[in-house]
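Trainee: If you read the sequence shown in my numbering, its first letter stands for residue 1, the second for the next number, and so on.
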Amino acid sequence: MAKVSINLATGSLQKEELIVGIDLGTTNSLVAFINPDGNPQVINDTGKGLLVPSIIHFQADGSIVVGNEAKEFLTSDPENTIFSVKRLLGRSYQDIARYRDFFSYKVIDDNSESLVKIKVGDKFYTPIELSGFILKELKERAEHALKIPVNRAVITVPAYFNDSQRQATRDAGKLAGLDVLRIVNEPTAASLAYGIGLNPDEEKTIAVYDLGGGTFDVSILKIQNGIFEVLSTNGDTFLGGDDFDRAILNYWITENNLDPEVLANDQILNQGLRLKAEEAKKALSTQNLYNDSLNGIPLAISKQKFEELIAPKVQETLDCCKKALVDGGTKAEEIQEVIMVGGSTRTPMVKERVAAFFGKAVHDQINPDQVVALGAAIQSDILAGNRSDILLLDVTPLSLGIETMGGLMDVIIPRNSKVPTKAGRQYTTSVDGQVNMKISVFQGERDLVNENRKLAEFELKGIPAMPAGLPKVDINFLLNADGILTVQAVELRSGVKQEVAIKPSYGLTDAEVEQMLLDSIQHAQADVQQRMLIEARTEGEQMLYTAERFLEKNSAYLQENEIVETKTYIEALRASLNAGDKDLIHAKIDELNEYTRPFAERVMDMAISQAMKGKQIE
Ligand code: ADP
Ligand code: MG
């Protein structure tokens, strides 16, 4: 039975706990709930505004501020002000190497496949922790505004987010003290906000056009039986409202003959002009002329001029729409609804061009920067069982996954996934010449497998001997409508394959499931901390392995002092592994990397030219 209490903010009766919907955006984040009238509403905590800029500032005294307060430090204290962390979530350094100059803070470059870290002062943060700070701020604002505890949430992510990015978002929620009931695609949430897809008899193909601050996404969705299937996505991770601001700024620079060099050295003027450009852009969404000045510099621009400047960018988004249609196997005429999402779709020209492209009026009645959060709140309400008109599809009550390095649980099918469902991930070996791989299947929410329930264990045998990291082992989970889980492992290079079938619900009572969930919530934060420590340790061990092999193989190309120094760094890293401090381990990994990088490159070049010479002689 649900407990009922009085909401002091609204004076109405309210269930003790409610589930909020969170839009964790690249530029802005926000949290919404279903108000006592049954309508979704964005939470506005006492004058702080609806949108929380997704920016974190580390103050000199070690404290952290999030949102508008942090935004002020973007230009004055760039190394300690973290923005756009969503771009790093669940990403490895190799994923983001191409655009590292975009970040004004320190993204650790260890040139590996491990997940990126950010260095602030002498501490290391993962994007999960940083996103956790933003989510914690949202949770606190919601609690403050609603005067009730907020412990459960639905969080949205872009449709193109992969498993690792989704898992990272869940973990960030855990760190913030939130039980993340479901990760929902942003376009799906936007659609729900418009009531599209709420009727299970409805069958539709829709397009969701999302132009935010720095990113553009278009998704083509097929809705059938209340299920949203992503037919295709397209977009540009560096195209958004920021480009519109920049276009205006550059126009003013030319108009006023401003010296770019002078401007580059005057951060305050630069930032001031940037803010004015954004202000002008927003004004031009409702008026035909913007006219202002800053330090005597006249700042004027007409709507017509603005549209001329941004036309190529808008065209680029339409090109993406064209590709998305082709990939989704559909045509503009077949799209039944077009939904506008993201603050930048407030620009009238954007709406006009998109409507013309699809040949129909677009949905823009709901605030485009709120629509995703509002839809997430509706999804929460459905999960809470408050919408009797909507059929709750069968879901799996506990997560299913396998054991990875260090005894960690790697979730493959998250709890609350609709069944039937299929998911998989690719793994590799950690030791050279490894020919067998043990696959242990677990069920539960804890980060360490030994706190979870073991379902099965089997061995994939006959992997051809290869260097560590080369074999590609696909592990696929298929949970059918009867609750039977089939786990299949296949090594792609050789084709060796092994399979088991299990019934995860076998011998498990409802009370036990509930207890497992309660335990996981109680231990969530400690669990994630421990997971991060184990991950740091595993990364450290891999680094030791690589560094030691490097010394063994290449001692001939190294100078004596380089060998001695490297060994000192290796020993320091080894010593840090058992200290129980992940920051220390990351610091030692970083130091070993920094020290060896210059001569590692030199040795590589030498080894290659040596090998080539060898070939020529033969
Ligand atoms: P994200 O999804 O990337 O977090 P948002 O959807 O909040 O971002 O969009 C932020 C962008 O919307 C910013 O570039 C902002 O300047 C722009 N924006 C906000 N209001 C308006 C407006 N009235 N007219 C045009 N652009 C706007
Ligand atoms: Mg967004």
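By construction, the Cβ of each residue, glycine as well, lies at the ideal position given by its N, Cα and C atoms.
For G272, is the beta carbon positioned less than 6 Å from some heavy atom of ligand 2?
Mentor: Not so, every heavy atom of ligand 2 lies at least 6 Å from the Cβ.
Trainee: What is the DSSP secondary structure of R493, reduced to helix, strand or coil?
Mentor: In the structure shown, R493 sits in coil (DSSP, three-state: anything other than H, G, I, E or B).
Trainee: Could you pull out every unbroken beta strand (DSSP E) segment of at least 3 residues lying fully inside the region 158-187, listed in chain order?
Mentor: Taking only runs of at least 3 residues, the beta strand (DSSP E) segments lying wholly in the region 158-187 are 179-185.
Trainee: Consult DSSP for N480 and reduce its assignment to one of helix, strand or coil.
Mentor: Three-state result, N480: coil.
Trainee: Can you give me the C-alpha to C-alpha distance between T27 and A456, rounded to a whole angstrom?
Mentor: The straight-line gap from Cα to Cα measures roughly 43 Å.
Trainee: Do you know offhand how far L146's Cα is from I521's?
Mentor: About 22 Å.
Trainee: Considering only C-alpha positions, which residue in the set E352, I335, K331 and Q287 is nearest to A311?
Mentor: The option with the nearest alpha carbon to A311 is E352.
Trainee: State buried or exposed for I617, treating a residue as buried only when at least 16 other CB atoms are found within 10 Å of its CB.
Mentor: Unreliable placement is indicated for I617, whose pLDDT of 41 sits below 50; the coordinate value is still reported in the next sentence. The residue is exposed, with fewer than 16 neighbouring Cβ atoms inside 10 Å.
Trainee: Please confirm whether any heavy atom of ligand 1 lies closer than 6 Å to the CB of G25.
Mentor: G25 Cβ: within cutoff of ligand 1.
Trainee: With distances taken from CA atoms, which of E403, V314 and R425 is nearest I166?
Mentor: It is worth fixing the name first, because residue 166 is Arg in this sequence and not Ile. When each option's Cα is compared against that of R166, the closest is R425.
Trainee: Please return the same chain residues whose Cβ sits closer than 7 Å to the Cβ of V371, not counting the five positions on each side in sequence.
Mentor: Counting only Cβ-Cβ distances below 7 Å, and skipping sequence neighbours, we find A190, A193 and V341.
Trainee: So what's H57 in DSSP terms, helix, strand or just coil?
Mentor: DSSP places H57 in strand when its eight states are reduced to three.
Trainee: How many whole angstroms separate the CB atoms of E491 and L517, which I take to be in contact at a CB cut-off of 8 Å?
Mentor: That belief does not hold up - the Cβ atoms of E491 and L517 are roughly 35 Å apart, past 8 Å.
Trainee: For Y187, which of I223, G359, D447 and N416 has the nearest alpha-carbon?
Mentor: Strictly speaking, residue 187 in this sequence is Pro, with Tyr absent from that position. Comparing Cα positions, the closest option is I223.
Trainee: Which stretch, first to last residue, makes up the beta strand (DSSP E) that contains Q224?
Mentor: Looking at the DSSP string, the run of the beta strand (DSSP E) that includes Q224 is F216 to Q224.
Trainee: Ordered along the chain, which non-local residues of its own chain (more than five positions away) have a Cβ less than 7 Å from that of S164?
Mentor: Counting only Cβ-Cβ distances below 7 Å, and skipping sequence neighbours, we find G90.
Trainee: Starting from N68 and walking both ways along the alpha helix (DSSP H), at which residues does that stretch end?
Mentor: First-last of the alpha helix (DSSP H) with N68: N68 to K71.
Trainee: Compare the beta carbon distance of I220 and A324 with 7 Å and say whether it is the shorter of the two.
Mentor: Going by C-beta atoms, I220 is nearer than 7 Å to A324.
Trainee: Kindly indicate the opening and closing residues of the alpha helix (DSSP H) around E546.
Mentor: The sequence shown places Thr at residue 546, rather than the Glu named in the question. Here the alpha helix (DSSP H) through T546 covers A524 to N554.
Trainee: With the cut-off set at 7 Å, would you say A572 and K588 are in Cβ contact?
Mentor: A contact, by the Cβ cut-off of 7 Å.
Trainee: Can you find a heavy atom of ligand 2 that lies under 6 Å from the Cβ of G235?
Mentor: No, ligand 2 has no heavy atom inside 6 Å of this Cβ.
Trainee: Kindly list the residues whose CB is nearer than 6 Å to the CB of L693, restricted to its own chain and excluding five residues on each side of it in sequence; keep chain order.
Mentor: Within the shown structure, residues of the chain are numbered from 1 to 618, placing residue 693 beyond reach of any answer.
Trainee: Under three-state DSSP, which class holds N39?
Mentor: Coil.
Trainee: With DSSP collapsed to three states, give me the class of E445.
Mentor: E445 falls in the coil class under three-state DSSP.
Trainee: Is D100 helix, strand or coil when you go by DSSP?
Mentor: Per the sequence presented here, residue 100 reads as Arg, with Asp not at that position. Here R100 sits in helix by DSSP.
Trainee: In whole angstroms, what separates the C-alpha of I413 from that of S399?
Mentor: Approximately 6 Å, taken between the alpha carbons.
Trainee: Using a 10 Å radius around the Cβ and a threshold of 16 neighbouring Cβ atoms, would you call G407 buried or exposed?
Mentor: With fewer than 16 other Cβ atoms within 10 Å, it is exposed.
Trainee: At 3 residues or longer, and completely inside the region 213-299: list those beta strand (DSSP E) runs for me, N to C.
Mentor: Those beta strand (DSSP E) runs which fall completely within the region 213-299 and span 3+ residues are 216-224, 227-236 and 289-294.
Trainee: Following the continuous beta strand (DSSP E) through A332, name the residue where it begins and the one where it ends.
Mentor: Here A332 belongs to no beta strand (DSSP E), and DSSP marks it neither H nor E.
Trainee: Tell me whether the region 30-43 and the region 375-387 touch, counting them as touching only if at least three CB pairs, one residue from each stretch, are closer than 8 Å.
Mentor: Enough Cβ pairs lie closer than 8 Å, so yes.
Trainee: For the beta strand (DSSP E) that contains E631, what are its first and last residues?
Mentor: As displayed, the chain neither begins before 1 nor continues past 618, which places residue 631 out of reach and without an answer.
Trainee: G121 to T169, Cα distance in whole Å?
Mentor: The alpha-carbon atoms of G121 and T169 are separated by roughly 25 Å.
Trainee: Can you tell me which of the three DSSP states R91 falls into?
Mentor: Here R91 sits in coil by DSSP.
Trainee: G401 to I183, Cα distance in whole Å?
Mentor: Between G401 and I183, the C-alpha separation is close to 17 Å.
Trainee: For L231, which residues of its own chain have a beta-carbon under 6 Å away from its beta-carbon, when the five flanking residues on both sides are left out?
Mentor: If we look at L231 and ignore the five residues flanking it on each side, its Cβ neighbours are I220, K222 and G328.
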